[in-house]
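Below is one structure, written out as structure tokens; the observations come after it.
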């Protein structure tokens with residue numbers, strides 16, 4: 010896990026969270042408040058998926074690129 014996180018960071022694609030089998034979600038960020046906000050977003054996304062029934066359609070490559078540009082995401 011540590012090697013993968015390091016590799017992504019070196020590529021300019023920082024990972025902010027991992028799901029570990031025995032420990033559950035592990036989230037980190039620039040501050041505890043930012044890490045907590047990221048964890049809350051993950052929890053809400055999981056809740057929406059669980060409540061939604063059928064899985065949502067995957068985003069297309071252009072839609073993902075739009076999100077990257079709008080939010081400055083590096084993934």
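Residue numbers (my numbering): 10 to 84.
Positions of the beta carbon are idealized from the N, C-alpha and C atoms, including for glycine.
Source: prediction; values computed, not measured.
Residue pairing by DSSP puts residue 26 in a beta bridge opposite 36. Put simply, of 23, 29, 15, 12 the residue whose alpha carbon is nearest the alpha carbon of residue 82 is 23. Between residue 44 and residue 56, the gap from beta carbon to beta carbon reaches 9 angstroms or more.
One thing to note: residue 51 has its Cβ no nearer than 9 angstroms to the Cβ of residue 64. Residue 19 and residue 58 have their C-alpha atoms some 31 angstroms from each other.
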